[in-house]
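So in the UniProt record's numbering, spot 161 of the sequence shown is number 161, and the numbers just go up one at a time.
Ideal placement from N, C-alpha and C gives every residue a C-beta, glycine not left out.
These figures come from a predicted structure and were not determined experimentally.
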Amino acid sequence: MDASRYKDYMLGLMFYKFLSDKTLETFKVTAGISELPENDLVDEYAKAKEEYGEELEKMIQGVLGYYVSPEYLYQTWLKDINSGDFEVQKVTDSLNSFERTIAVQGDASDFKGLFSSSTLDLTDTALGSNLNERSKNIKALILLFADLNMVALQKGDVLGDAYEYLIGQFAMESGKKAGEFYTPHQVSEVIAQIVAKSSEIKSIYDPTVGSGSLLLTVKKHLD
1 MDASRYKDYM LGLMFYKFLS DKTLETFKVT AGISELPEND LVDEYAKAKE
51 EYGEELEKMI QGVLGYYVSP EYLYQTWLKD INSGDFEVQK VTDSLNSFER
101 TIAVQGDASD FKGLFSSSTL DLTDTALGSN LNERSKNIKA LILLFADLNM
151 VALQKGDVLG DAYEYLIGQF AMESGKKAGE FYTPHQVSEV IAQIVAKSSE
201 IKSIYDPTVG SGSLLLTVKK HLD
């Protein structure tokens, strides 16, 4: 598979892991739950959904702008993989469900279309010539992030650094195609320093945004 396409799957699943981790963290904090092993926290979240239903969904939507239902968590995919019950359709259903549960107010619309079929086509033959091959390859990608707590990594900006590193690696593998989605870090640094030091900044726009690496670099200079 071409590196520019592989990037979409790998980073897409990485981001969905972050969304799932953020959902669990928000549930834990708002419900006043003390530290629990992740599997136990997922069980508590599932019980809360059974008890509170739509009320729970609205609570999490109000905080995050989106809602990931217990049965569609990244952690549930991992549980299915470990039990031998994993099906690619579960991933498709999860991504479709996420799209339906995005809040309509504020900046929540930024989440719209994140996992569209044009970006993450799980039926693409590049993932495998048949369902078994595609399932095997998708499972391998999912397992890459199994042991990572994306919320904890975000707090130390490790997640952002890892994202930029991966984008850079994909860019090198893509050769001339890299410019379609990646601004070389050295170029981003020069632009970021010029912009950050020129005047007070309220909003930043990149009309040719691809991976977002330039915007991330500017943000670092503004923090």
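- Membership of Phe98 in the alpha helix (DSSP H) is indicated by the continuous run 88-100.
- For Leu24, the closest of Thr92, Glu164, Ala152 by C-alpha to C-alpha distance is Ala152.
- Counting every other CB atom within 10 Å of its CB across the protein chains shown gives Asp21 a total of 16 or more, marking it as buried.
- Rounded to the nearest angstrom, the gap between the Cα atoms of Leu222 and Asp40 is 39 Å.
- One Cα belongs to Ala162, the other to Lys58, and the distance between them is close to 32 Å.
- In summary, Glu200 is exposed, with fewer than 16 beta-carbon neighbours lying within 10 Å of its beta-carbon over all protein chains present.
- Within its own chain, the residues whose Cβ lies closer than 7 Å to the Cβ of Tyr74, once the five positions on either side in sequence are excluded, are Tyr16, Lys17, Ser20, listed in chain order.
- Boundaries of the alpha helix (DSSP H) harbouring Lys49: 38-52, taken from the DSSP string.
- For the stretch 108-170, there is no continuous beta strand (DSSP E) assignment of 3+ residues that stays within its boundaries.
- Relative to Lys28, the option among Arg5, Val63, Ser97 whose CA is nearest is Val63.
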